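Down below is the structure, laid out as C-alpha cells.
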Amino acid sequence: MQQKYVSQIHRCFRCGYCKFPTDYSSFNCPPYRRFRFDTYSTGGRLWLIYAWLKGEVEWSEHLAEILFTCTMCKNCAEQCPMKFAPDIVDWIVGARSDMVEKGKIPPRVARFFEAVHGYGNPLKLLRSDRAAWANGTKLYSAGDEYLLYVGCLGSYDEHGQKMAKGIVDILNKAGVSFGILGNDEECCGNEIYMLGEMGLFQNLVEKNSQKFKELGVKKVVTLCPHGYNVMKNNYPALGGSFEVCHYTQLLADLIKKKRIKLSRNKAKVTYHDPCFLGRHNNIYDEPRQILQSIPGLKLVEMERNRRDAFCCGGGSGNFIMDLLAGDEDSPARVRVREAYATGADTLAVACPSCMTMLTDAVKTEDLDGKLTVKDVSQIIKESSS
Amino acid sequence: MVTMSTVYESLVKIVGKDHVSNRKEEQYFYARDGGLMPAHEPDYVVLPRTTEEVKQIVTLANKEKVPVVPIGAGLALTGLVIPHKGGILLDMKMMDRIVEVNEKARYVIVEGGTTQGALKSYLQKNHPDLRHSIPDAPPVATVVANAVIHGQGRLSHQHGFNSDMVSGLEVVLPTGEVCLIGSCSVSPYWFSKGPPLPDLSGLFLGWFGTTGIITKLGLKLYPCKKMRDIMLFIADRAELIPDIMLKLSHTEMVEDVTISAQPLPLRYKGTFWIMAYITGDSEDELEFKRKMVWDALWVHYEKRDLGFLSVSPDMKPPLMSMPSKDTTRFADVAKGGGFQYAGPITPIEKFPTFMQKLEEVAKKYNVFYSSATRLIGSGHCMMFSFSFSFNRANPDEMARAKQALDECSKFALKEGGVLWKADLDEQKMLMQKMDPNTLSLMKKIKLLLDPNGIMNPGNWEVQ
Chain A
17 MQQKYVSQIH
27 RCFRCGYCKF
37 PTDYSSFNCP
47 PYRRFRFDTY
57 STGGRLWLIY
67 AWLKGEVEWS
77 EHLAEILFTC
87 TMCKNCAEQC
97 PMKFAPDIVD
107 WIVGARSDMV
117 EKGKIPPRVA
127 RFFEAVHGYG
137 NPLKLLRSDR
147 AAWANGTKLY
157 SAGDEYLLYV
167 GCLGSYDEHG
177 QKMAKGIVDI
187 LNKAGVSFGI
197 LGNDEECCGN
207 EIYMLGEMGL
217 FQNLVEKNSQ
227 KFKELGVKKV
237 VTLCPHGYNV
247 MKNNYPALGG
257 SFEVCHYTQL
267 LADLIKKKRI
277 KLSRNKAKVT
287 YHDPCFLGRH
297 NNIYDEPRQI
307 LQSIPGLKLV
317 EMERNRRDAF
327 CCGGGSGNFI
337 MDLLAGDEDS
347 PARVRVREAY
357 ATGADTLAVA
367 CPSCMTMLTD
377 AVKTEDLDGK
387 LTVKDVSQII
397 KESSS
Chain B
1155 MVTMSTVYES
1165 LVKIVGKDHV
1175 SNRKEEQYFY
1185 ARDGGLMPAH
1195 EPDYVVLPRT
1205 TEEVKQIVTL
1215 ANKEKVPVVP
1225 IGAGLALTGL
1235 VIPHKGGILL
1245 DMKMMDRIVE
1255 VNEKARYVIV
1265 EGGTTQGALK
1275 SYLQKNHPDL
1285 RHSIPDAPPV
1295 ATVVANAVIH
1305 GQGRLSHQHG
1315 FNSDMVSGLE
1325 VVLPTGEVCL
1335 IGSCSVSPYW
1345 FSKGPPLPDL
1355 SGLFLGWFGT
1365 TGIITKLGLK
1375 LYPCKKMRDI
1385 MLFIADRAEL
1395 IPDIMLKLSH
1405 TEMVEDVTIS
1415 AQPLPLRYKG
1425 TFWIMAYITG
1435 DSEDELEFKR
1445 KMVWDALWVH
1455 YEKRDLGFLS
1465 VSPDMKPPLM
1475 SMPSKDTTRF
1485 ADVAKGGGFQ
1495 YAGPITPIEK
1505 FPTFMQKLEE
1515 VAKKYNVFYS
1525 SATRLIGSGH
1535 CMMFSFSFSF
1545 NRANPDEMAR
1555 AKQALDECSK
1565 FALKEGGVLW
1575 KADLDEQKML
1585 MQKMDPNTLS
1595 LMKKIKLLLD
1605 PNGIMNPGNW
1615 EVQ
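If you read the sequences in order, they're chains A and B.
To convert a position in the first sequence, counted from 1, into my numbering, add 16.
To convert a position in the second sequence, counted from 1, into my numbering, add 1154.
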C-alpha cells in the first residue's frame, strides 16, 4: 500500500472539490472547516505528503499534525472528480504508516498507540474493568447466534456504556441469542489502522480473530460503526472469517419481523450519519427505517445528510486525541448547530464516538435542554411498549 | 527598523494567532498553484475575516513596505497569486458571507472570499428564480477572483465577461482607505458598477489585485429558467466553426455555446463538439428554441458538414453539470495531476488557425492537448483554450508543456488575440506590444494607487 501511494500521490490537482458536499453549500472537510488554511484540506495534505517524499518539506510536528487531523471521514473520496478518488484514504493511511515507522508522529497519537498497546483500549483503563458495565450480561458461548462486540467506547465511556446496556436490553427482550466477550475483548483496531500503526493493528486483528475462532463465532454484531468497518473490510484479508453487521442493521431487521414492539414517541429527531457507517459502508437507510417505524416520531433531515453528512470530528482516534477541538469551528460544534437549526429536540446517533463528541458539543454550545443527543437504541428503548 | 517578528506580532494582533502562519507547511503550499509557474514562498499566510482586518493589514504592510497578495482559491493556474516577492498572502476564503440578495434589482452582494459553489447553492435554495454566471473552474473558485481575472461563465454568451456583470465594489486601497465603487458609493443599492457615474471599477478589475483588495462585490443576477437542455452537434472541419457559432448566436435563443476538441479517446479525434445550451420555463419554450437552433444550422446539416448527436442518459449529467467536473478531470489525463492552458480572448474567425496551431504545437512538444472554446458576448469574441496536461512527477514533460504554452501565447498575440489571465512572462509580452500611451497611463494609475508598490508585486509592473 505504501508503495502505491508513493507512486500516485502527485496526481492530486488541488482542485478543491474535496472540501465540499455535493451541493457546494459549505465546507465539508472537518479539518479544513476547523483551521481554514488550505494545508488542512485533502489537497493540501496530499501536496505536502508529496513534498515530504521529495524532500522539499522536512518533517515537523506541524506537518504531522496536518496529516493526523484528518478524521478519515471519506468526504474527499466521495467528492473528488478524479479516477483515483477511491484510493485517497489509503494514500493518507500509507503516509501515516511511513511516519509511524520512522517514529515521527504527534505526541497525542503516540499516547493513543501506547494506551492501546498497553491496555487494549485508547482510554488507558484497566483490562479487568472492560466488562464492568455489563452487569451480568451473558458471555458468548458456543451455539449463540451473535457475538455482541462492544468495543472500547462501549466498554469504558459513560455514553458508550449506556448504549451497550440499552442494546443488550433490546436484544434480550427480542429474544436474540447472543453473548459478549467481557474482559477478553480487545480493541477492534479500526483507529489503529487509520492512524497507520500496522504492526499493532495486525496484532489486534490476530488476537480478536483467534478468539472468535476458538469460540466458534459465526456472526458478530457491533455497537460501533468503527468496529463494523474494520471487521467488514479489513479482517477478511487477515484471516477473519465471520459475518458482521452493525446493531442498527440487526434492530431494523428485528423491527421488520415484529420482534420489537414500539409505542408512541412524540420526539422530533434528526439523524447524524456516522462516517464509518455511511460513507465507508453505505448504510444510510436502516437507522432511518428504525426511527421512522416509531409511531408519532418525526424525522427531519439536516442540510448535510447521508453521503454529504458532516463528520463529528471524532474519527481516526480524534474522539480521544481531539486534534480538532478548541474553537467554535470545531466539527462537533458546527454539527450540533446544524442539528439545532432543524428544530429537532433530539439528535440521534448510531456511534459511541459521535455520541461523545456531539454530547460535549451540545454543552459547549449551551444547547442543554434544547437538544439532546441520543443513540438510536436509546430512542428504541424509550419507545418500547 | 521593521523585523519579521514585529510584522508577525502585528498580524497576530489584527487577526489572532490561529489565523496567521509563518510555518513552512503553509509557506510551501501557498508558494505555488496547480500550473507551471515557478514557486515563491510568502513570509506569512493570513486569514482575515472582516474588511476592518484587511484594512489594518494593508495599512501595516504599506507602512512597513511589505508585499501583500490576496488569494481566492489560486485556480488561475498562471501563477497570478504566487507571492513573487514574498510578504503577506491574504487567503480571503474566511470572508465568505453572502451579504444581501436584492431580488427586485437582481443583484447579490458577496464578501471577497465567497466561493462560486456557495453562491450557486445559496441561490438555488433561497432564490431559485435567479442565477449567476458560473464558470467551469472548480466550485472553490471565488466570485471576486473570477471577476478580477475577467473570467467567463455560463452566461457569458448573453452577457459578456463575468466582470461585465459586476454591479459594485468595496475595495481596500493599498494606502488603507476603504472605497465604494459604483452606485453603492451614493446609494444603498448596488445595481451598477459605474453608469451613470465615472466607471472606476476598471481601476480594479483585470488588475490581479495590484491596485487594491476587493472585500465586497455586487454581482448581477439573471433569470433562472425552470428547464435547461443541451443540443450537441459534431463537425469535422475547423473552418466551419466560426459560422456555426455566429449562426447559433444569431438565434438569440442560446444560453451558452462551447466547442471542445481533443484527440483521445480516439473516437473524438478530428471532431469538434459544439454544445448549445438552451433554457425555458416550459417544454413548449424549449421546443421552440430547439427548432430555432435547428433552423439556424440546417444549412450545414443539409450539406452533411454537421452532425447531431443524441445525448444518451449517461452522457447528459456531466454535460449539464455546473461547474463541469470534466474540465477538472483533464488534469489527470496524463495520470499526473497537472494542466495549464493559455486562453487568449480573440475574434471567433481565428478558430481554424488556432486549432491548427494547437495540434502542431502538441505534436512538436509531444504533449497531450485539448481545447475548450467559449463564445463571449453575441459573437464579439471567444476564449480559445490551448490546454496541455502534464505529469507533475515528470519534470521533462512539465518543461515541454510550458514551452508549448509559451509558443501558443506568442502565436495568439501575433494573430491579434489578447492573452487572458496572463502569467508574468505573458504580461511582459502584452506590455511590449501595448500602445505606449496606454502603458504610460497604466503606470500612472498604479503609482497613484499604490505608491509603495506593495500590491501583488511582479504583476502588471510597467518598467
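Even glycine gets a Cβ: it sits at the ideal position worked out from N, Cα and C.
Remember, it's a predicted structure, so these values are computed and weren't measured experimentally.
7 Å Cβ shell around residue i - same chain, five flanking residues per side excluded
i: P1467 of chain B; result: none
i: V73 of chain A; result: L64, A67, L79
i: W1332 of chain B; result: The sequence shown places Val at residue 1332 of chain B, not Trp. If we look at V1332 of chain B and ignore the five residues flanking it on each side, its Cβ neighbours are T1205, K1209, E1324, V1326.
i: G294 of chain A; result: Y300, R322, R323, A325
i: E1615 of chain B; result: none
i: R1285 of chain B; result: L1277, L1375, Y1376, C1378
i: C86 of chain A; result: P47, R61, I108, S332
i: V1220 of chain B; result: V1161, G1241, I1242, I1608
Simplified DSSP assignment, three categories, for residue i
i: V1235 of chain B; result: coil
i: Y251 of chain A; result: coil
i: Y40 of chain A; result: coil
i: R1528 of chain B; result: strand
i: G195 of chain A; result: strand
i: T1365 of chain B; result: coil
i: T58 of chain A; result: helix
i: L276 of chain A; result: Correcting the residue identity first, residue 276 of chain A is Ile in this sequence and not Leu. In the structure shown, I276 of chain A sits in coil (DSSP, three-state: anything other than H, G, I, E or B).
i: A1301 of chain B; result: helix
i: K1217 of chain B; result: helix
i: A80 of chain A; result: helix
i: L315 of chain A; result: strand
i: M1191 of chain B; result: coil
i: E1324 of chain B; result: strand
i: I1608 of chain B; result: coil
i: P1224 of chain B; result: strand
i: C240 of chain A; result: coil
Pair within 8 Å by beta-carbon distance, residue i and residue j
i: F1544 of chain B; j: Y1495 of chain B; result: no
i: L1231 of chain B; j: V1199 of chain B; result: no
i: L1190 of chain B; j: K1518 of chain B; result: no
i: E1179 of chain B; j: I82 of chain A; result: yes
i: L1603 of chain B; j: G1330 of chain B; result: no
i: V1453 of chain B; j: L1529 of chain B; result: no
i: L339 of chain A; j: R124 of chain A; result: yes
i: F29 of chain A; j: G1492 of chain B; result: yes
i: I196 of chain A; j: A147 of chain A; result: yes
i: V246 of chain A; j: C291 of chain A; result: no
Cut-off 6 Å between Cβ atoms - residues of its own chain near residue i, not counting five sequence neighbours on either side
i: V233 of chain A; result: L163, F258
i: K1504 of chain B; result: E1569
i: E213 of chain A; result: V116, F129
i: K1247 of chain B; result: G1267
i: L1402 of chain B; result: V1408, V1411, A1430
i: A1558 of chain B; result: V1515, Y1519, V1521, F1542
i: V1294 of chain B; result: A1227, T1269
i: T153 of chain A; result: V184, I196
Proximal residues to residue i (C-beta, below 8 Å), its chain only, five neighbours per side dropped
i: P97 of chain A; result: C31, Y33
i: K402 of chain A; result: Lying before the first or after the last residue shown, residue 402 of chain A is absent from chain A, which here runs from 17 to 401.
Quick check: the region 245-263 of chain A against the region 333-346 of chain A, are there 3 or more CB pairs under 8 Å?
no
Taking 8 Å as the cut-off, does the region 1459-1479 of chain B touch the region 1283-1295 of chain B (at least 3 CB pairs, one atom from each stretch)?
At 8 Å Cβ cutoff, the stretches touch.
Going along the region 35-59 of chain A in order, which residues come within less than 8 Å of chain B, judged by CB to CB distance?
K35, F36, D39, Y40, S41, S42, F51, R52, F53, D54, T55
Contact residues within the region 1245-1268 of chain B, judged by C-beta distance below 8 Å to chain A
Listed in chain order, the positions of the region 1245-1268 of chain B with a beta carbon within less than 8 Å of a beta carbon of chain A are D1245, K1247, M1248.
Which residues, in order along the region 94-107 of chain A, keep a beta-carbon less than 9 Å from a beta-carbon of chain B?
For the region 94-107 of chain A, residues whose beta-carbon sits nearer than 9 Å to a beta-carbon of chain B comprise P97, M98, K99, F100.
Quick one: any contact between the region 295-307 of chain A and the region 40-54 of chain A, if contact means 3 or more CB pairs under 8 Å?
no
Decide yes or no for the touch test of the region 155-174 of chain A against the region 363-376 of chain A: beta carbon pairs closer than 8 Å, at least 3 of them.
yes
Closer than 8 Å, Cβ to Cβ, to anything on chain B: give me those residues from the region 73-88 of chain A, in chain order.
V73, E74, S76, H78, L79, I82
Closer than 9 Å, Cβ to any Cβ of chain A: which residues of the region 1491-1521 of chain B, in chain order?
G1491, G1492, F1493
At a Cβ cut of 7 Å, what residues of the region 1468-1489 of chain B count as close to chain A, listed as they run along the chain?
K1479, T1482, R1483, A1485, D1486, K1489
Contacting positions in the region 1169-1188 of chain B - beta carbon closer than 9 Å to chain A:
Hits within the stretch, in order: D1172, H1173, S1175, R1177, K1178, E1179, E1180, Y1182, F1183, Y1184, R1186, D1187, G1188.
Contact between the region 1497-1511 of chain B and the region 1382-1396 of chain B (3+ Cβ pairs under 8 Å):
yes
Counting Cβ pairs, one atom from each stretch, are 3 or more of them under 8 Å apart for the region 1305-1313 of chain B and the region 1333-1343 of chain B?
In the pairwise beta carbon analysis, the region 1305-1313 of chain B is classified as not touching the region 1333-1343 of chain B: fewer than three pairs are separated by under 8 Å.
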